[in-house]
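Here the sequence shown is numbered in this note's numbering, starting from -2 and rising by one per residue.
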Amino acid sequence: MITTLAVTMPASPAAAVETLKVPDTGLVFYQAYTQIIVGRQATPDGICRPVPAEAIWAIGWNGFGSVSGYRTSDCTGAASELNNFHSWPHEGYYLSYRAG
């Protein structure tokens, strides 16, 4: 005797994963070794913003004269320049940034 079992699975949307494009535009944050984009900013505005938690490197592709990274969540304390291409030792190393 053969029995057929039918199971209905709920549909779930596939997560869109954006990866490294060369060239790209704006300020783009990437995961460690995967080149998956975890954040981006189209144009500099001087506002203090959080660094994406999974980010470990960033590229300012165009239009960004200065990107200051901070080890605090409110852009205070000593700043490190993250201009053009910059990586850091581990996730969470920089907590905030300001792009001008």
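No residue lacks a Cβ here, since even glycine has one placed at the ideal position from N, Cα and C.
- Under the three-state reduction of DSSP output, Gly43 falls in the coil class, being neither helix nor strand.
- The region 49 to 64 and the region 11 to 26 touch, with no fewer than 3 CB-CB distances between them shorter than 8 angstroms.
- The alpha-carbon separation between Arg37 and Val25 amounts to approximately 4 angstroms.
- Per the coordinates, the alpha-carbon of Ala55 lies some 18 angstroms from the alpha-carbon of Thr69.
- Put simply, of Tyr27, Arg46, Glu15 the residue whose alpha carbon is nearest the alpha carbon of Ala52 is Tyr27.
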